[in-house]
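The structure is reproduced here in structure tokens:
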């Protein structure tokens with residue numbers, strides 16, 4: 001079970017980025033997103049709507065007390081931050097450990113409290129350049145799964161893309 | 001030379017996502033971002049500020065006429081869209097072609113006009129799931145460069161992260 005945790009969500013500022021974190025997490029192999037900060041009914045709705053239409057069991061849950069949630073988490077805790085160690089050096093170690101244990105991937109908002117750095121088992125950078133938690137999460141998951149996440153099937157999907165050279169084709173399952 | 005083109009930028013709605021597209025592009029091997037839609041001085045400033053501090057020659061340019069810009073582009077044109085063909089099947093072909101030619105990677109906003117699908121040499125999906133143009137761009141570049149983009153150096157950087165197990169260390173170059 002892989003959970004992505006989004007810290008410090010603010011409705012006005014982060015609505016779209018947090019949606020992208022959730023949907024990228026879902027598309028690339030996470031089972032769940034937990035987010036702290038402001039509770040956002042529209043964020044939750046839009047993510048649940050995608051999961052309902054496109055299949056799988058992805059969940060989104062608001063967490064009031066992120067410190068408690070991180071400390072009680074039973075599994076490997078990875079914090080993605082540009083200040084950490086290069087993720088590519090640690091990924092095979094993490095891959096092995098998560099065969100038997102759950103994984104929590106923490107991505108920050110603007111300012112990540114120092115407790116997160118302390119509580120994480122790994123603080124990892126996806127390059128040391130400032131860029132995007134969405135890109136960092138995607139690359140981390142891609143290396144964790146060695147690209148197999150691209151073949152992931154989503155059970156119970158009502159909608160499915162049929163790949164095209166040009167144009168759009170979506171297969172819709174009638175209820 | 002690799003250019004990422006962001007279509008249909010709207011200042012209010014897209015400011016942060018377009019910034020993430022630009023910065024992920026920069027961090028992962030693009031030379032330039034062109035964007036259409038509303039011209040956004042703050043987006044440009046914040047991207048230029050990062051390039052100034054963190055090094056390299058990344059540029060950001062607003063383009064009024066995206067149709068013309070795409071049609072006149074001299075090189076391979078890739079459009080990332082969930083409706084396209086799986087990118088992993090085409091990436092080695094594109095890698096070969098771009099050894100001698102420029103590459104334009106087009107990422108959309110909400111609704112991408114059908115002309116883009118027509119003008120692109122490749123319409124490619126990074127999974128057929130709805131997720132994020134930032135994640136799609138990151139994975140495309142990562143496979144294009146076979147992970148070598150993670151070792152990229154940025155010339156003339158004033159700031160540089162020194163990777164840490166815990167905490168933050170940034171080396172600042174004094175002028």
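Protein chains in written order, with this note's numbering: chain A, 1 to 175; chain B, 1 to 175.
We put the CB at the ideal spot given by N, CA and C, even for glycine.
Just so we're clear, the structure is a prediction, and the values are computed from it rather than from any experiment.
Following the DSSP letters along the chain, one finds residue 19 (chain A) inside the alpha helix (DSSP H) bounded by residues 11 to 27. Residue burial is scored here from C-beta neighbours: residue 129 (chain B) has at least 16 other C-beta atoms within 10 angstroms and is therefore classed as buried.
Taken through DSSP and simplified to helix, strand or coil, residue 62 (chain B) comes out as strand. Runs of the alpha helix (DSSP H) lying entirely within the segment 97 to 155 of chain B and spanning at least 4 residues, in chain order: 114 to 119, 133 to 144.
The alpha-carbon of residue 112 (chain A) is positioned some 14 angstroms away from that of residue 125 (chain A). Not a single CB atom of chain A sits nearer than 8 angstroms to the CB of residue 115 (chain B).
Judged by pairs of C-beta atoms under 8 angstroms, the segment 141 to 154 of chain A touches the segment 20 to 32 of chain A, as three or more such pairs exist. By the rule that beta-carbons nearer than 8 angstroms mark a contact, residue 169 (chain B) touches chain A.
Checking the DSSP bridge columns, you'll see residue 5 (chain A) partnered with A:34, A:106. In this model, residue 25 (chain A) and residue 74 (chain B) are separated by some 35 angstroms (Cα to Cα). Taking the beta carbon of residue 160 (chain A) as reference, the chain B residues within 9 angstroms of it are 128, listed in sequence order. Within chain A, the residues whose beta carbon sits less than 8 angstroms from that of residue 54 (chain B) are 129, 130, listed in sequence order. Closest in alpha carbon position to residue 85 (chain A), among B:105, B:44, B:168, is B:168.
Only buried fits residue 79 (chain A), as 16 or more other CB atoms lie within 10 angstroms of its CB. Distance from the CA atom of residue 19 (chain B) to the CA atom of residue 139 (chain A), rounded to whole angstroms, is 18 angstroms. Within the segment 71 to 98 of chain A, those residues whose Cβ lies closer than 7 angstroms to any Cβ of chain B are, in chain order, 82, 83, 84, 85, 86, 88. Residue state for residue 80 (chain A) is assigned as strand, using DSSP reduced to three classes.
With contacts defined by Cβ atoms closer than 8 angstroms, residue 4 (chain B) and residue 137 (chain B) form a contacting pair.
Bridge partners of residue 171 (chain A) according to DSSP: A:160. Burial state of residue 61 (chain A) is exposed, judged by a 10 Å Cβ sphere holding fewer than 16 other Cβ atoms. Residue-level contact check: residue 24 (chain A) touches chain B, since one or more beta carbons of chain B fall below 8 angstroms from its beta carbon.
The continuous alpha helix (DSSP H) containing residue 52 (chain B) extends over residues 41 to 54. Listed by position along chain B, the residues whose Cβ is nearer than 7 angstroms to that of residue 45 (chain A) form an empty set, because the closest Cβ is around 14 angstroms away.
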